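Peer 1:
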Amino acid sequence: MSDQLSGALRAPDPALGARQALVRRRRGSGGRVYAAARWMAAGLFAALLVSLVVVMANDASQAFGRSGIGFIWSGTWNPAANEFGAGILVVGTIVTTAVAMLLVIPVGLGAAAFLAEFAPRWLAGAFSAAVDLLAAIPSIVVGLWGLIVLSPLFARDVEPFLGAVPVVEWFFHGPAYGPSVLLASVVLAVMTLPTMVALSRTALRGVPQADREAALALGATRWQVVRKAVIPGARAGVAAAITLAIGRALGESIAVAMVIGNNPSIPHSLLAPGATLGSAIINQFAEASPGLGASSIVALAVVLLALTVAVNLGGQALLRANATRRALRGGEPR
Amino acid sequence: MNRSRDAVAVGRDDSVLVGDEGRRTSGRSRAFVQDAARRSLWRRRLAGRAGRLACALALVVGLAPLVAELAYTTARGVRGISFGFFVHAPTPPGIPGGGISTAIVGTAQIIGLALAVAVPVGLCAALFLYERPGRLATGLRFSADVLAGVPSIVIGIFAYALVVRGLHHFSDLAASFAIAVLMVPIMIRANEEAMRTVPVDLWEAGVALGARRSRVARSVVVRSAVPGLVSGNLLAVARGVGETAPLLFTVAAPTAAMTLLIFSEGTEALPAAQETAWATAFVLLAFVLALSVTSRVVAWGLTRRAR
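In order, the protein sequences belong to chains L and R. Going letter by letter, the first sequence gives residues 0 to 333 in numbering that gives the first Met the number 0. Going letter by letter, the second sequence gives residues 0 to 306 in numbering that gives the first Met the number 0.
#1: What's the gap between the Cα of Asp197 of chain L and the Cα of Val292 of chain R?
#2: Would you mind working out which of R:Ala177, R:Phe82, R:Met186 and R:Arg29 sits nearest Gly158 of chain R, comparing C-alpha positions?
#3: Which residue comes first and which comes last in the alpha helix (DSSP H) that contains Tyr33 of chain L?
#4: Please name the residue in R:Phe286, R:Glu264 and R:Leu288 whose C-alpha comes closest to that of Trp277 of chain R.
#5: Could you tell me the alpha carbon to alpha carbon distance between Val229 of chain R and Ala298 of chain L, rounded to whole angstroms?
#6: Taking all protein chains shown into account, do 16 or more other C-beta atoms lie within 10 angstroms of the C-beta of Trp76 of chain L, making it buried, or fewer, making it exposed?
#7: Starting from the beta carbon of Pro137 of chain L, find every residue of chain R whose beta carbon is closer than 8 Å, and list them in chain order.
#8: Confirm, please, whether the CB-CB distance from Ala240 of chain L to Lys227 of chain L is below 8 Å.
#9: Between which residues of its own chain and Thr301 of chain R is the CB-CB distance below 8 Å, once the five residues before and five after are set aside?
#10: Counting only Cβ pairs nearer than 8 Å, list the residues of chain L close to Thr302 of chain R.
#11: Check the C-beta distance from Ala99 of chain L over to Ala188 of chain L and give it rounded, since I have them as a contact under 8 Å.
#12: Going by alpha carbons, who is nearest to Ile139 of chain L out of R:Ala268, R:Gly239 and R:Arg38?
#13: How many whole angstroms separate the CB atoms of Gly91 of chain L and Thr275 of chain L, which I take to be in contact at a CB cut-off of 8 Å?
#14: Taking one C-beta from the region 174 to 190 of chain L and one from the region 207 to 226 of chain L each time, how about it: are there three or more such pairs within less than 8 Å?
#15: Can you give the Cα-Cα distance for Gly61 of chain R and Ile104 of chain L, rounded to whole angstroms?
#16: Quick check: what's the CA-CA separation for Arg75 of chain R versus Glu274 of chain R?
#17: Going by C-alpha distance, which of L:Gly42, L:Val49, L:Gly64 and L:Leu114 is nearest Ala202 of chain L?
#18: So, helix, strand or coil for Glu242 of chain R, using DSSP?
#19: Note down the Cα distance separating Ala112 of chain L from Met55 of chain L, rounded to an integer number of angstroms.
#20: Who are the near neighbours of Val229 of chain L in its chain, counting only those whose CB is closer than 6 Å to its CB and skipping five residues on each side?
#21: Assign Pro378 of chain L to buried or exposed, taking buried as 16 or more other Cβ atoms, counted over all protein chains shown, within 10 Å of its Cβ.
#22: Using a C-beta to C-beta distance shorter than 9 Å, which residues of chain R count as neighbours of Thr307 of chain L?
#23: What residues in its chain sit with their C-beta under 6 Å from that of Pro193 of chain L, if we drop five residues either side in the sequence?
#24: Which runs of the beta strand (DSSP E) spanning at least 3 residues fall entirely within the region 168 to 238 of chain L, listed in chain order?
#25: Have a look at L:Glu212, L:Gly218 and L:Ala300 and flag the residue whose alpha-carbon is nearest the alpha-carbon of Ala245 of chain R.
#26: Using a threshold of 8 Å, state whether the C-beta atoms of Leu269 of chain L and Phe153 of chain L are closer than that.
#27: Measuring straight from C-alpha to C-alpha, what distance separates Val86 of chain R and Ala102 of chain R?
#28: Residues of the region 46 to 58 of chain R with a CB closer than 7 Å to any CB of chain L: list them in chain order, please.
#29: How would you call Gly133 of chain R, buried or exposed, if buried means at least 16 neighbouring beta carbons within 10 angstroms?
#30: I want to verify the contact list: residues of chain C whose CB lies under 7 Å from the CB of Ala160 of chain R, in sequence order.
#31: Can you find a C-beta in chain L that's less than 8 Å from the C-beta of Thr137 of chain R?
#32: Check whether the region 65 to 79 of chain R and the region 128 to 143 of chain R are in contact - that is, three or more C-beta pairs closer than 8 Å.
#33: At a Cβ cut of 9 Å, what residues of the region 161 to 178 of chain L count as close to chain R, listed as they run along the chain?
#34: Identify which residue in R:Val149, R:Leu45 and R:Thr90 has its Cα closest to the Cα of Ala305 of chain L.
#35: Check whether chain L comes within 8 Å of Arg44 of chain R, counting only Cβ atoms and requiring the distance to be less than that.
#36: Name the DSSP bridge partner or partners of Trp76 of chain L?
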């Protein structure tokens, strides 16, 4: 009896055996067309990625060959003089994104905290659905609204007002045109807000219920629970939401091109028109001369690609770290 | 989500801060501590009120521009809508009359062709991830994540460099290529997410019955995951339809797609051009939001039927 038992224990796991049999049968079980289709899809995708890198690097090589790696920070963009450098555009991209994030992070996090922690269930459900829906608004429509509705409004009311407030006006001097770095940042903020709210709400809800209960038991008010237990607990998830929002803001081009005023020079004030990598690509593409001009446009796209991929990889690493930590702590599955 | 209210017996403002009940403290110091506790409680309750109000305000402030934008587009766009608007070709900018028939047809062609490639590729790649987990699958998943984060304008430049330069002319084909490249990673991720709900045991049971893998994929995996698959792909279509930047570098004429028409007419100062832009924006918005809602309803309805 005991011999039989130990024999059974030593025998391979039947499920494992079945699985191995399946693996061995893989080739023999027909469905060659299907196997080929599956492999082709995977292969096609890999080829796509490789060709993306190869084609862009090849087309940008002339611009990078001329200015070297200095293309990224050299500060003149003057097609007439055949001088191409992405420096000002990189600065413009980073400034618009940073100002947009200054607006989006507090507002988005507050809204997410309200939806995840304070709102009654029906309200949270309705607003969450609304946020998801608003995230689907195409960027061109937001851009059109920014250009035709917000731009005159900014030129008439908002920008003169900001220029008149003490201390704040250090950032907002100069004439109010309407199209400006500020307007571009506001439009970016409007566009990235739904992403920020949806992702950080998910992160906040992933915080284990026990953390909330523990804080409540210590005598914390609900607000203190959110501020001291829930938001710190969801730090990695919120950071991931922020990085993904940054990635979207960096890469957004059409709406920015419509409202930023397209002036490739260092903006001395947030009211001055500026340019970003994306907006410059859109505006310069049509009039780029073949050869160096066209190559420089592609080089701008390469710089933008590198920037966004770096940010997104950071965001993914954060998400993964968050998932691991949650698994270790035995938090609630999402 | 609101379980905290049920799980812990606390009041609405829910904080019970007990003063120092220790026996060794004198009456005076106890009164002092209790007073301090009361003041602290009052302060913390006030902070809680303010904080909650600030959060609610953040939601309102955040959503207000988007809702205003939606309302404005609807109000202004509806005026330009008529039967003729859908069936007539566009007139040159500034000349009144005309419609957007070519833009609607163009968008439909571009998206249709892109879908014809992207949907099968997305589905097969997701099945690959499902059936063959391993290093290769991890790499594929990772590259899908990376590609999904690439800005659409970069994809547009890529399509220009590869297809437009390769064929020596601008074409809808190049636009379809760009949109397909844009949609495939989104679809792979959404499809995989949907298939994750199908237990591997089910797949193994199917194969153990001796069914072909294609048959198992069709009758077990795809069939059980269908709500998620449909809604994920619909969302990808909504993204594709609303894209502008990739089309700028690939399409021959600005009248060949709705988003491009909005861009070219909207940046004209002429009133008639702007009316066309708003009406087109309204049509686009209605279509994209309808797709988005349909995607949610489909996911919900099919999931309920499957239960």
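Ideal placement from N, C-alpha and C gives every residue a C-beta, glycine not left out. These numbers come from a predicted model, not from an experiment.
Peer 2: To lay it out plainly:
#1: The count along the first sequence starts at 1 and reaches residue 197 of chain L at position 198. The count along the second sequence starts at 1 and reaches residue 292 of chain R at position 293. Position check: residue 197 of chain L holds Ala in this sequence, whereas Asp was assumed. So the alpha carbons of these two residues sit roughly 16 Å apart.
#2: If you number the second sequence from 1, residue 158 of chain R lands on position 159. The question names Gly, but residue 158 of chain R is Ala in the sequence shown. Taking only the C-alpha atoms, the option nearest Ala158 of chain R is R:Ala177.
#3: Locating residue 33 of chain L in the first sequence gives position 34, where the first residue counts as 1. Where Tyr33 of chain L is concerned, the enclosing alpha helix (DSSP H) stretches over Arg31 to Ser66.
#4: Taking the first residue of the second sequence as position 1, residue 277 of chain R is located at position 278. It is R:Glu264.
#5: As a position in the second sequence, residue 229 of chain R is number 230, starting the count at 1. As a position in the first sequence, residue 298 of chain L is number 299, starting the count at 1. Roughly 38 Å separates the two Cα atoms.
#6: Within the first sequence, numbered from 1, the residue matching residue 76 of chain L stands at position 77. Buried is the call here.
#7: Along the first sequence, read from residue 1 onward, the residue named residue 137 of chain L stands at position 138. Going along chain R in sequence order, the residues near Pro137 of chain L (Cβ under 8 Å) are Val240, Gly241, Glu242, Thr243, Thr258, Leu283, Leu284 and Val287.
#8: For the purposes of this step, residue 227 of chain L is taken as the residue at position 228 of the first sequence. For the purposes of this step, residue 240 of chain L is taken as the residue at position 241 of the first sequence. The answer is no: Cβ separation not under 8 Å.
#9: Within the second sequence, numbered from 1, the residue matching residue 301 of chain R stands at position 302. One point to set straight first is that residue 301 of chain R is Leu, not Thr, in the sequence displayed. Around Leu301 of chain R: Val225, Pro226 and Val229.
#10: Here residue 302 of chain R is taken as the residue at index 303 of the second sequence, counted from 1. Ordered by position in chain L, no residue passes the 8 Å Cβ test against Thr302 of chain R, which lies about 16 Å from the chain.
#11: Numbered from 1 along the first sequence, position 100 holds the residue referred to as residue 99 of chain L. Numbered from 1 along the first sequence, position 189 holds the residue referred to as residue 188 of chain L. Right, their Cβ atoms sit about 4 Å apart.
#12: Here residue 139 of chain L refers to the residue found at position 140 of the first sequence. Considering only alpha carbons, the answer is R:Gly239.
#13: By one-based count along the first sequence, residue 91 of chain L stands at place 92. By one-based count along the first sequence, residue 275 of chain L stands at place 276. About 5 Å separates the two Cβ atoms, so the contact holds.
#14: no
#15: Locating residue 61 of chain R in the second sequence gives position 62, where the first residue counts as 1. Locating residue 104 of chain L in the first sequence gives position 105, where the first residue counts as 1. Whole-angstrom Cα-Cα distance: 11 Å.
#16: Reading the second sequence from its first residue, position 76 is the one you call residue 75 of chain R. Reading the second sequence from its first residue, position 275 is the one you call residue 274 of chain R. Distance between the alpha carbons of Arg75 of chain R and Glu274 of chain R is about 8 Å.
#17: Walking along the first sequence from the start, residue 202 of chain L turns up at place 203. Residue L:Leu114 is the option with its Cα nearest to Ala202 of chain L.
#18: By 1-based counting over the second sequence, the position of residue 242 of chain R is 243. In this structure, Glu242 of chain R counts as coil in the three-state DSSP scheme.
#19: The residue given as residue 112 of chain L occupies position 113 in the first sequence. The residue given as residue 55 of chain L occupies position 56 in the first sequence. For Ala112 of chain L and Met55 of chain L, the distance between alpha carbons rounds to 42 Å.
#20: Within the first sequence, numbered from 1, the residue matching residue 229 of chain L stands at position 230. The residues are Leu203 and Val206.
#21: No answer is possible for residue 378 of chain L: the residues shown for chain L start at 0 and end at 333.
#22: Taking the first residue of the first sequence as position 1, residue 307 of chain L is located at position 308. Near Thr307 of chain L (Cβ distances below 9 Å), the residues of chain R are Gly148, Val149, Pro150 and Val153.
#23: For the purposes of this step, residue 193 of chain L is identified with residue 194 of the first sequence, where counting begins at 1. Taken in chain order, the residues that qualify are Val130, Leu133 and Ala134.
#24: none
#25: Mapped onto the second sequence, residue 245 of chain R falls at position 246. For clarity, residue 245 of chain R is Pro in the given sequence; the question names Ala instead. Closest option to Pro245 of chain R, Cα to Cα, is L:Ala300.
#26: Numbered from its first residue, the first sequence carries residue 269 of chain L at position 270. Numbered from its first residue, the first sequence carries residue 153 of chain L at position 154. Contact: no.
#27: If you number the second sequence from 1, residue 86 of chain R lands on position 87. If you number the second sequence from 1, residue 102 of chain R lands on position 103. Each residue's Cα considered, the two are about 10 Å apart.
#28: Ala46, Gly47, Gly50, Arg51, Ala53, Cys54, Ala55, Ala57 and Leu58
#29: What you label residue 133 of chain R is simply residue 134 of the second sequence in a count that begins at 1. The residue is exposed, with fewer than 16 neighbouring Cβ atoms inside 10 Å.
#30: As a matter of chain content, chain C is missing from the structure shown, whose protein chains are L and R.
#31: Numbered from its first residue, the second sequence carries residue 137 of chain R at position 138. Chain L, which has no Cβ nearer than 8 Å to the Cβ of Thr137 of chain R, makes this no.
#32: no
#33: none
#34: For the purposes of this step, residue 305 of chain L is identified with residue 306 of the first sequence, where counting begins at 1. Closest option to Ala305 of chain L, Cα to Cα, is R:Val149.
#35: By one-based count along the second sequence, residue 44 of chain R stands at place 45. Cβ-Cβ to chain L under 8 Å: yes for Arg44 of chain R.
#36: Here residue 76 of chain L refers to the residue found at position 77 when the first sequence is read from its first residue. According to DSSP, which records beta bridges pairwise, Trp76 of chain L is partnered with L:Phe83.
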